[in-house]
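*Asks:* Please find one structure pasted underneath; my questions will follow.
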Ligand SMILES: [Zn+2]
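Numbering (my numbering), first residue to last: 3 to 480.
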């Protein structure tokens, strides 16, 4: 049994066939904020991210690049890790589904459990297959005969497949979601998945001929077939924490507190995955959290539209904490939201350069110039106490707002109390006011830790050591 005060959070696993974009960096940052918050609270925390590597697309891309698949993946996964490092993402594990020691035993065990439950059967299947989705698609997934995600015409494919009896679980999954035993947030996504379940689920292909998909995990006891996506990719959430190889670790962390996903993979996580888990006799995750999409200029970012915003460029130009700040505060957690180079710069200048950065410079300048002495009192941090309730409900925007409201109040306090003037007329009052500011600034620094870890550490260190920053924490951008 999982103990209370244990927290397990996962990001989707990413396809290593392209550079990561804002849409990937976004859920990873949200998860990192939550993981840092829970660790600071003293919870036994595990934060998982990773890559989904058994796609035929990866094999094709490697060929195109003149590399072996392994070599190609090393490069791409390496660049993912570099980017996550540049953003201070504190994952505990980066799982790779091609990892035969860590991942494969769990996938094989899950397959065998599904077989034992009588939920896997073989049949000849012919259907429309979208290479982009790596999935058989049905007529209702198409718009004018084209995949609605990829805008390509799917190909007709006939082959032997193992199928999973997903249809058998329609009502059971629906009950779990309706009863709240499996939470789907926000409500709009819960309604969407319930409507899908109302229409019924069809059995789903779980394998492909090994000849067509040789790079994937072999189906146990049938070398002619390899696993196709679901029993491979989705199982990462349990294989990573020991399913199939380390029972003690699995018992410690499962069930997951949050699976954070995008809406394009909702049905896989809120229908396929719970059905598989029920078939295998494994408890369900607690919450599936569906984040909004990031748009630029009202459109989904795409290379063709030329509105792609590269997270690496934002980090280089503005720093990692600025990107973490923007994601936490200016992208709505659940709704679609907008980022443009202009909106990013405006938010940066208004809230980081002129906001927290300026406050730190002003307060510390007074501390140093007037040689103010104090001891920082370590106690309950009211800001953290106040934002906890929000973070527990995944209300990241509201949580960080509390800190920035405080920053505004401290600015206003300087304006009204004017310690830089009263220092000449009422030194006692000026000293008291500046000590108050330093103490509050330290609290702001501490509260910022899950959101902006580097800034948090800088602020606390400056206040404790009574120093002015050598350069502004956030240089104003013209
Ligand atoms: Zn597609």
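Just so you know, even glycine gets a beta-carbon here, dropped at the ideal spot from N, CA and C.
Quick check on residue 2: does DSSP put it in helix, strand or coil?
*Replies:* Residue 2 lies beyond the stretch modelled for the chain, which goes from 3 to 480, so this question has no answer here.
*Asks:* Does the CB of residue 196 have a neighbour CB from chain D at under 7 Å?
*Replies:* Going by chain labels, chain D is absent from the structure shown, which holds only one protein chain.
*Asks:* Just to confirm, are residue 92 and residue 34 a CB contact at a threshold of 7 Å?
*Replies:* For the purposes of this step, residue 92 is taken as the residue at position 90 of the chain shown. For the purposes of this step, residue 34 is taken as the residue at position 32 of the chain shown. It is a contact, given that the beta carbons lie within the stated cut-off.
*Asks:* If you scan the segment 268–321 from start to end, which runs of the beta strand (DSSP E) of 3 or more residues do you find wholly inside it?
*Replies:* If we require 3 residues or more, the beta strand (DSSP E) runs fully inside the segment 268–321 come out as 289–293, 296–298.
*Asks:* Take residue 272 and list the residues in its own chain whose beta-carbon comes closer than 6 Å to its own, dropping the five residues that flank it on each side.
*Replies:* Taking the chain shown and counting its residues from 1, one reaches residue 272 at position 270. Here the set comprises 186, 195, 290.
*Asks:* Does residue 210 come out as helix, strand or coil in the three-state DSSP assignment?
*Replies:* Along the chain shown, read from residue 1 onward, the residue named residue 210 stands at position 208. DSSP places residue 210 in strand when its eight states are reduced to three.
*Asks:* Let me know if residue 401 comes out buried or exposed under the rule of 16 or more other beta-carbons within 10 Å of its beta-carbon.
*Replies:* Along the chain shown, read from residue 1 onward, the residue named residue 401 stands at position 399. Counting Cβ neighbours within 10 Å, residue 401 comes out buried, since at least 16 surround it.
*Asks:* Near residue 41, which residues of its chain fall below 7 Å by C-beta distance, leaving aside the five closest residues on each side in sequence?
*Replies:* Position 39 of the chain shown holds residue 41. Here the set comprises 47.
*Asks:* For a test of the three-state rule: what should DSSP assign to residue 394, helix, strand or coil?
*Replies:* Taking the chain shown and counting its residues from 1, one reaches residue 394 at position 392. Helix, per DSSP.
*Asks:* So, are the CB atoms of residue 8 and residue 50 less than 7 Å apart?
*Replies:* Reading the chain shown from its first residue, position 6 is the one you call residue 8. Reading the chain shown from its first residue, position 48 is the one you call residue 50. Their beta carbons are not under 7 Å apart, which means residue 8 does not touch residue 50 by this criterion.
*Asks:* Look at the alpha carbon of residue 329 and the alpha carbon of residue 197, and state the distance between them as a whole number of angstroms.
*Replies:* To locate residue 329, count along the chain shown from 1; it is residue 327. To locate residue 197, count along the chain shown from 1; it is residue 195. The straight-line gap from Cα to Cα measures roughly 30 Å.
*Asks:* What number of angstroms, rounded off, separates the C-alpha of residue 153 from the C-alpha of residue 264?
*Replies:* Taking the first residue of the chain shown as 1, we reach residue 153 at position 151. Taking the first residue of the chain shown as 1, we reach residue 264 at position 262. So the alpha carbons of these two residues sit roughly 19 Å apart.
*Asks:* For residue 225, is the classification buried or exposed, using 16 other Cβ atoms within 10 angstroms of its Cβ as the cut-off for buried?
*Replies:* Within the chain shown, the letter at position 223 stands for residue 225. Residue 225 comes out exposed.
*Asks:* Can you tell me whether DSSP reads residue 93 as helix, strand or coil?
*Replies:* Here residue 93 refers to the residue found at position 91 of the chain shown. Coil at residue 93, not helix or strand.
*Asks:* Mind listing, in chain order, the continuous beta strand (DSSP E) runs of no fewer than 3 residues lying wholly within the segment 8–62?
*Replies:* 8–16, 46–53
*Asks:* At a cut-off of 6 Å, would you count residue 151 as near ligand 1, judging by its Cβ distance to the nearest heavy atom?
*Replies:* Locating residue 151 in the chain shown gives position 149, counting from the first residue. Distances taken from the Cβ of residue 151 to the heavy atoms of ligand 1 include one shorter than 6 Å.
*Asks:* Consult DSSP for residue 126 and reduce its assignment to one of helix, strand or coil.
*Replies:* Here residue 126 refers to the residue found at position 124 when the chain shown is read from its first residue. The answer is strand: DSSP assigns residue 126 an E or B state.
*Asks:* Using only alpha-carbon positions, find the residue among 452, 439, 257, 139 that is nearest to residue 377.
*Replies:* The residue you call residue 377 lines up with position 375 of the chain shown. Nearest option by C-alpha distance: 439.
*Asks:* For residue 86 and residue 433, what's the separation of their Cα atoms in angstroms?
*Replies:* Within the chain shown, numbered from 1, the residue matching residue 86 stands at position 84. Within the chain shown, numbered from 1, the residue matching residue 433 stands at position 431. One C-alpha to the other measures close to 43 Å.
*Asks:* Can you find at least 3 beta carbon pairs, one from the segment 61–78 and one from the segment 288–306, that sit closer than 8 Å?
*Replies:* No, the segment 61–78 does not touch the segment 288–306.
*Asks:* Looking at the structure shown, is residue 220 part of a helix, part of a strand, or coil, going by DSSP?
*Replies:* Indexing the chain shown from 1 puts residue 220 at position 218. In the three-state reduction of the DSSP assignment, residue 220 falls in the strand class, which pools E and B.
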